[in-house]
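Here the structure is laid out as structure tokens; the discussion comes afterwards.
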Amino acid sequence: MKTYLFALLTIVASYGCKSTAMLANNKQVDAIMKNYNTADQPGASVLVLQDQKIIFKKGYGVENIITQKTISPSTNFRLASVTKQFTAMAILLLQQQNKLSIEDPLTKYFSSFPAYGKEIKIKHLLTHSSGLQDYEDLMPSSQTQQLHDTSCLQLMYTTNKLYFPAGTQYKYSNTGYAILALIIEKVSGQDYATFMNEKVFKPIGMKNTIAYESGKSLVVNRASGHSFKNGNWIETDQNLTSAVLGDGGIYSNSEDLSKWIKALWNFKLVPPAIQNKAWSNTILDNGRIIDYGYGWHVEAYKNSTHPFHDGSSIGFRNSIQVFPTQKLMVVVLTNRNERDPAIEAKQIADLFLK
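Structural data, given as structure tokens:
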């Protein structure tokens with residue numbers, strides 16, 4: 000009996016210590032997020048995943064300054080460039096199915112592509128080493144309608160040069176990921192949004208994640224983007240490039256993103272060798288090493304190398320920081336154009352990194 004009581008008291012004491020530590024961390028996260036925590040202003044959604052468990056999730060501020068609906072962990076934000084990791088995964092899945100190879104030339108899928116692109120391969124699009132000009136730089140000043148992924152491809156026909164020969168340098172390229180979305184459609188026979196839903200989102204339980212197309216789909220619990228101008232917040236949710244899907248058109252929430260990361264570090268979608276390569280530096284054709292894998296930036300931090308990605312578009316700023324070795328993820332999604340949430344995301348990660 001004494002032994003049983005002692006064991007019970009030990010468990011209770013241990014739980015009490017854990018609860019106290021969690022409470023302390025919660026207060027520290029709140030302190031880090033203080034600049035987003037104003038009841039009537041656009042804010043943020045924060046989630047911390049450790050091992051296989053969500054250990055912190057909370058919303059700050061409002062989804063929309065008109066409706067004043069409070070942000071929660073189920074609020075859906077435009078991911079902007081955090082989308083790129085999903086587009087990259089779709090390409091890797093198609094490669095797993097032997098429907099394409101990342102060594103395939105771009106001209107295999109677009110035979111009329113200008114001659115300057117004949118050396119570009121899918122792997123160059125994935126790693127921002129294609130040299131393709133950014134479609135925003137080629138967009139005419141008279142443009143009034145939103146661009147789509149096909150528009151980005153068409154703009155490549157209005158120039159006759161690359162920034163540099165394919166595979167020799169790194170330059171972040173939204174164009175590359177718009178074209179990857181079109182390759183996904185050509186190879187799979189499905190539109191991008193359908194493929195992503197059926198082959199990526201549904202299989203891992205991301206029920207509220209969607210590649211949003213105006214007039215064709217609906218984002219529930221949707222946060223609107225906002226900008227701070229002349230001392231006030233105004234809604235700035237869409238611009239001319241917001242309809243491009245492959246580089247930034249996915250909407251999701253912090254809870255769904257925790258399912259995504261668990262699927263990745265449990266290798267539910269692609270084998271370990273492929274996933275680890277997506278999360279690693281790339282060696283270019285000329286031997287140069289760049290800090291980008293397949294849809295993920297890579298950096299050295301706290302004596303380890305880890306993948307991360309930020310996303311920025313009109314009215315949204317996001318950051319997802321992943322530490323696969325420590326099984327830790329921190330995501331900060333915001334619906335405002337102010338501040339860099341990667342700063343807060345890393346400060347939160349520091350609370351849990353050992």
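353 is the number that numbering that gives the first Met the number 0 gives the last residue of the sequence shown; the numbers go up by one with no jumps.
Ideal Cβ positions, reconstructed from N, Cα and C, are used throughout, including at glycine.
Given the structure is predicted, the values throughout are model-derived calculations rather than measurements.
Straight-line measurement puts the Cα of ILE53 at about 40 Å from the Cα of LEU152. Shown here for ALA222: same chain residues with a beta carbon closer than 6 Å to its own, the five before and five after excluded, namely GLU62, THR74, PHE76 and ASN334 in chain order.
Shown here for THR324: same chain residues with a beta carbon closer than 7 Å to its own, the five before and five after excluded, namely SER303 in chain order.
In the DSSP assignment, the residues bridged to PHE322 are LEU327. Taking every protein chain shown into account, the CB of PRO139 has fewer than 16 other CB atoms within 10 angstroms, so this residue is exposed. By the Cβ neighbour-count rule, GLY214 is exposed, with fewer than 16 other Cβ atoms within 10 Å of its own. In the three-state reduction of the DSSP assignment, THR86 falls in the helix class.
Within the DSSP bridge table, the entry for PHE227 names TRP232 as partners. In the pairwise beta carbon analysis, the segment 266-278 is classified as not touching the segment 105-119: fewer than three pairs are separated by under 8 Å. Rounded to the nearest whole angstrom, the C-alpha separation of GLY42 and ASN231 is 14 Å. Taking a contact as a CB-CB distance under 8 Å, the pair SER80 and GLY310 counts as one, their CB atoms being some 4 Å apart. Non-local C-beta neighbours of VAL199 in its own chain, meaning closer than 8 Å and more than five positions away in sequence, comprise PHE85, MET88, ALA89, LEU92, MET205 and LEU268, ordered along the chain. Going by DSSP, VAL186 is part of the alpha helix (DSSP H) stretching over 173-187. For LEU137, the CB contacts under 7 Å within the same chain, skipping 5 residues up- and downstream, are LEU154, THR157 and THR158 in chain order. ASN229 sits exposed, since fewer than 16 C-beta atoms from the chains shown fall within 10 Å of its C-beta. Shown here for GLN274: same chain residues with a beta carbon closer than 7 Å to its own, the five before and five after excluded, namely LEU263 and PHE266 in chain order.
Sequence-distant partners of GLY294 (beyond 5 residues in either direction) whose C-beta falls short of 6 Å from its own C-beta, in its chain, are LYS83, GLN84 and ALA87. By the neighbour-count definition (other C-beta atoms within 10 Å, threshold 16), ILE119 is a buried residue. The count of Cβ pairs closer than 8 Å, one atom from the segment 231-242 and one from the segment 279-289, stays below three, leaving the stretches out of contact.
When DSSP states are grouped into helix, strand and coil, VAL47 belongs to the strand group.
The beta carbon of SER187 lies closer than 6 Å to those of PHE194 in the same chain, with the five residues before and after it left out. Taking a 10 Å sphere around the C-beta of ALA299, we find fewer than 16 other C-beta atoms and assign the residue as exposed. Inclusion of VAL331 and ALA348 in the CB contact set at 8 Å is not warranted, their separation being larger than that value.
For GLU135, there is no enclosing beta strand (DSSP E); the enclosing alpha helix (DSSP H) has its first and last residue at 134-137. In this structure, THR235 is the residue among PHE55, THR235, GLN27 and GLN189 with its C-alpha nearest to the C-alpha of ASN336.
For the pair LYS258 and ILE203, the Cα-to-Cα distance works out to about 7 Å.
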